[in-house]
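Residue numbers (the working numbering): 1 to 222.
All C-beta atoms in this analysis are idealised placements derived from N, C-alpha and C, irrespective of residue type, glycine included.
Since this is a predicted model, take the numbers as computed values, not measurements.
A quick write-up on the structure given underneath.
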Amino acid sequence: MNITRQLLRLKASLPDKVTLVAVSKFHPVEALQEAYQAGQRVFGESRAQELTAKQKVLPGDIQWHFIGPLQSNKVKEIAPFIAMIQSVDSLKLLQEIDKQAAKNGRTIRVLLEIRIAQEETKHGLSCEECRALLDHPLLPDLKNIQICGLMGMATYTEDTAQITREFQGLKAFFDELKNSYFKNSDDFTELSMGMSYDYPLAIQEGSTLIRVGTFIFGEREY
Ligand SMILES: *Cc1c(COP(=O)(O)O)cnc(C)c1O
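Here you go:
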């Protein structure tokens, strides 16, 4: 895999307002170093232990995004440095992030993960669950988190019409929340959708953050 070439090719094709999160999970430090040399500064990882190990040895100006399922007891490992946690799907997790952020004297930016795919998946909130979370009386107590938007993953399918529908649904929900719960806030600006196989569709439908791994780094070896 020519990481530099793939990365530069991808970046050249992106509109200015779209941020690329280079998803480096399961790839070795050397691969991240090559992407860093080519100018990439935003990386996404999905396991706390792996992320922490990489963060220790890579440059301090990298912005790390957490994009995978996160157990509450792992939050303290990443709280000192994480730039954004994209995969928040419960009040319990938000409370733990707030607590650990406070301990580190930081505010941690988060996205709420919404379940948009038809596939069976345990992760993400339904729209209803998301509204219930935003209505929760304890939410205003969480002073050390900043809810910056939504994240979602479309169904893994060749049916581009279905993927498009799912992204449109997420964008519509994002707009609904922005005009209701976040009317008086400047924080709610990010819509994270699009991966290697569907990011062009996601951008068309209003994504501001794409999370691309395989296209840059090649296949992952699990
Ligand atoms: C692994 C992962 C990606 C990247 O997937 P690719 O198909 O390799 O681009 C994006 N988002 C999430 C949530 C992931 O877990």
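Same chain, Cβ closer than 8 Å to residue i, five either side skipped, listed in chain order
{"i": "GLN33", "result": "LEU58"}
{"i": "VAL110", "result": "MET84, ILE85, GLN86, VAL88, LEU94, ILE97, ILE145, GLN146, ILE147 and CYS148"}
Contacting residues, own chain, Cβ-Cβ under 7 Å from residue i (five flanking each side not counted)
{"i": "GLN6", "result": "PHE215 and ILE216"}
{"i": "LEU8", "result": "ALA38"}
{"i": "THR155", "result": "ALA117, GLN118, GLU119, GLN162, ILE163 and GLU166"}
Cβ-heavy atom distance, residue i to ligand 1, below 7 Å
{"i": "SER13", "result": "no"}
{"i": "SER24", "result": "no"}
{"i": "MET195", "result": "yes"}
{"i": "GLY39", "result": "no"}
{"i": "GLY271", "result": "Since the first and last residues shown for the chain are 1 and 222, residue 271 lies out of range."}
{"i": "MET153", "result": "yes"}
{"i": "SER46", "result": "yes"}
Residues that DSSP places opposite residue i in a beta bridge
{"i": "VAL29", "result": "According to DSSP, VAL29 bridges with nothing at all."}
{"i": "THR155", "result": "THR155 pairs with nothing; no bridge assigned."}
{"i": "PHE43", "result": "ALA22 and TRP64"}
{"i": "ARG131", "result": "Looking at the DSSP assignment, ARG131 forms no beta bridge with any residue, so it has no partner."}
{"i": "MET84", "result": "HIS65 and ARG109"}
{"i": "VAL212", "result": "ALA22"}
As assigned by DSSP and simplified to three states, the class of residue i
{"i": "GLY218", "result": "coil"}
{"i": "SER192", "result": "strand"}
{"i": "ILE147", "result": "strand"}
{"i": "LEU112", "result": "strand"}
{"i": "LEU170", "result": "helix"}
{"i": "LEU125", "result": "strand"}
{"i": "TYR181", "result": "coil"}
{"i": "ALA161", "result": "helix"}
Proximal residues to residue i (C-beta, below 6 Å), its chain only, five neighbours per side dropped
{"i": "CYS127", "result": "PHE173"}
{"i": "LEU134", "result": "TYR181"}
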